[in-house]
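Protein chains in written order, with the working numbering: chain E, 1 to 408; chain U, 1001 to 1408. C-beta: ideal position from N, C-alpha, C; glycine also. None of these values were measured; they are calculated from a predicted model. Take a look at the structure below.
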């Protein structure tokens, strides 16, 4: 009977000392007896998801946590943006980041962000989504504000094309050019899509209303930054493992899916501040019964970091602790827990930073050190020292005896 | 006068907390005043021989300790298997792992392991060892049970050949095929050796006796996994150093030899549990007089780990301590000691694991930290942090002022 791996990743939990909290981090300020129990009984350390001082995106951080070198598999943001807006992305799909923009009759760009449009993009996107051209399936979905994602699906697509966005107003919408012989089809489809977007959007009711209200029309789509979704080997192919994931956020769910995890839907797990953390932890414990690895992402702390709200972040850490109490109470004997974050989101920066995250590994026989609390400062003195994101899975595979000896 | 380097590697000494030892590791449980003295007066840390979570073999670990990236120089197990059975291996030699197998008259494989033969293989191997074909010298030696090693020596050999083992019973012995133009000679020699092995072994007295006793004859050799011994630059060429090694185990001795170390024979240094550790340490101290670097491998702890015997492993650690007391008593002023292990072999796993090993560096002027004991847990809080195996030699070269400035 092989042991199991549970990864609990508290999104953006890492922070820096906050003056108003008596120079403690939100995590240090939170009542967290259960998190501390895992640290006290486990082996602790700090972890740079990518490398020291590198600010991880949620996408690259999760790729690293799943054992992939993001510098090798992160081939452009397009496919990950697509996942972020909730599109299904499959290996081989080419995706492009897009802007809703305003052009005049001669296709000169008046505003690259269509007057920073905020409403109506869902309707506009719906009019463009689901098309086929030269055998390529074309999908489009709106993102936040003026942003959107274009996704192409067919065998043999290449992302080696130039941008359809001159990044400058007053210029004409450029034709996309192939930069490699095998990218000719991709370029033709993108150009056809841009033409079609203008044809459909220019008289769309949403834009008529905008013009009537004195706003700029979102009458064309400008695509850029084409990327292809790499073929990532599955957990089964890599390690003979069955893996499941619990996450509320579309981007994280998407990455879990493309690495071959089953993404479990948990009622109340929203990915927002209101997320039901208890339900997530309970679902993870249940999923451990018939999976080799279970991954849980709890998003709420990151949102507080982006808002610069250390008070709510402290409260969120205490809520995470309470949920983890359910796991502590019935910790399965055959399981090794990795408790960490995917990056720091310090309230003073309001964005991801390269600060390392606290890590605790808990389970039978780990080298318990004398760290007594789970936080950014105490864990740095733990027995694991300072690890990289891609190391963590390897260490967990080793603890559960899934690794091969290198040599004899 | 340049300072000297002494590396003492306690094979497989690293472990995990053992419940029966009060949740201490065998090393933590051992009476070890001298090991502790080195830690207390030195700089401590933990070390991943290859990388976190990677299980090192003894071969790859020692390559790393000697400053070679095993991912670059470890080109197949054959040559290292040859060293492991005590064959002399030179750069350019091609070696193959082999099975003694049973075939019928039509060269169909009846048993890939010759009835798991245990005795008589030394005699059979002797009948095959020492031959020459097309100018290639051919050596063969038995390993444990049904295993053996074939070694070819000549200029211009290539290991790019297919296996002579179909890895399946009921099939014919396949001819080895070259996979590159320069491997034609190697393939011909291996094929000739396999034919010859059948011709010689089929009527060998050992096999006649086996057949008479109702056992399967070991009447052919099946070679696989060809590898070439890389040309490793010598200590002299790399650093202008004279290096000597003291080790009981054939594989470690072999690696020391191919890196250009003089392997010193020490009476009573067996590589087993009965090894005379005092004699090894005394010999090392003597060798320091006319060498720049002396390497000592003490094997016994690894054997206890493989046996899952934490009691004997604790006793072995205490014996290592006693032997190291001789060094402590007369520690040479001009020497820097690195005290570590080549990997962990936890009693609960009974095999090498990726757990890091404790490291202490002792010598004039090192940055003494507040670590008071030499063990897996305490050293993790030391001033060296967490290093890689290939880092250690570099650090020792730097302490002894043998490194060049990178830049100006």
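Proximal residues to residue i (C-beta, below 6 angstroms), its chain only, five neighbours per side dropped
| i | result |
| --- | --- |
| residue 217/E | 102, 207, 210, 211 |
| residue 249/E | 271, 299 |
| residue 1086/U | 1250 |
| residue 281/E | 323, 326, 327 |
| residue 1079/U | 1089, 1095, 1227, 1229 |
| residue 1028/U | 1375 |
| residue 1235/U | 1241, 1243, 1260 |
| residue 1166/U | 1174 |
Neighbourhood of residue i by C-beta distance below 8 angstroms, restricted to the same chain and skipping five residues each side
| i | result |
| --- | --- |
| residue 1394/U | 1067, 1403 |
| residue 1155/U | 1092 |
| residue 1232/U | 1068, 1073, 1091, 1258, 1259, 1260 |
| residue 308/E | 347, 348, 350 |
C-beta atoms of residue i and residue j nearer than 8 angstroms
| i | j | result |
| --- | --- | --- |
| residue 1257/U | residue 1045/U | no |
| residue 169/E | residue 237/E | no |
| residue 1356/U | residue 1375/U | no |
| residue 47/E | residue 340/E | yes |
| residue 1135/U | residue 1222/U | no |
| residue 406/E | residue 1224/U | no |
| residue 124/E | residue 198/E | no |
| residue 291/E | residue 244/E | yes |
| residue 400/E | residue 336/E | yes |
| residue 35/E | residue 314/E | no |
| residue 1342/U | residue 1049/U | yes |
| residue 253/E | residue 306/E | no |
| residue 255/E | residue 171/E | no |
| residue 115/E | residue 215/E | yes |
| residue 65/E | residue 392/E | yes |
| residue 1179/U | residue 365/E | no |
| residue 1059/U | residue 408/E | yes |
Cβ-based neighbour list, residue i, same chain, cut-off 7 angstroms, excluding 5 preceding and 5 following
| i | result |
| --- | --- |
| residue 283/E | 246, 264, 266 |
| residue 368/E | 41, 42, 43 |
| residue 1192/U | 1133 |
| residue 318/E | 30, 31, 32 |
| residue 396/E | 5, 336, 338 |
Rounded separation between residue i and residue j - CA only
| i | j | result |
| --- | --- | --- |
| residue 57/E | residue 1162/U | 45 angstroms |
| residue 363/E | residue 1348/U | 13 angstroms |
| residue 173/E | residue 353/E | 36 angstroms |
| residue 262/E | residue 159/E | 28 angstroms |
| residue 1311/U | residue 1026/U | 7 angstroms |
| residue 1089/U | residue 1033/U | 40 angstroms |
| residue 63/E | residue 1177/U | 41 angstroms |
| residue 113/E | residue 145/E | 9 angstroms |
| residue 1003/U | residue 1038/U | 18 angstroms |
| residue 186/E | residue 83/E | 20 angstroms |
| residue 133/E | residue 139/E | 11 angstroms |
| residue 274/E | residue 220/E | 36 angstroms |
| residue 1018/U | residue 1378/U | 16 angstroms |
| residue 1371/U | residue 389/E | 27 angstroms |
| residue 1239/U | residue 153/E | 56 angstroms |
| residue 1127/U | residue 1196/U | 10 angstroms |
| residue 1268/U | residue 1381/U | 36 angstroms |
| residue 1296/U | residue 1320/U | 12 angstroms |
| residue 1188/U | residue 1137/U | 13 angstroms |
| residue 200/E | residue 360/E | 54 angstroms |
Burial state of residue i, where buried means 16 or more other Cβ atoms lie within 10 Å
| i | result |
| --- | --- |
| residue 1398/U | exposed |
| residue 52/E | exposed |
| residue 77/E | buried |
| residue 1142/U | buried |
| residue 181/E | exposed |
| residue 1175/U | exposed |
| residue 130/E | exposed |
| residue 1071/U | exposed |
| residue 1081/U | buried |
| residue 1183/U | buried |
Handout entry: At least three beta-carbon pairs within less than 8 angstroms, the segment 1313-1330 of chain U to the segment 1094-1114 of chain U
Key = no
Problem - At least three beta-carbon pairs within less than 8 angstroms, the segment 277-294 of chain E to the segment 108-124 of chain E - result: The segment 277-294 of chain E makes no contact with the segment 108-124 of chain E: fewer than 3 CB pairs, one atom from each, lie closer than 8 angstroms.
Exercise for the section: Decide yes or no for the touch test of the segment 292-309 of chain E against the segment 10-23 of chain E: beta carbon pairs closer than 8 angstroms, at least 3 of them. Expected result: A contact exists between the segment 292-309 of chain E and the segment 10-23 of chain E.
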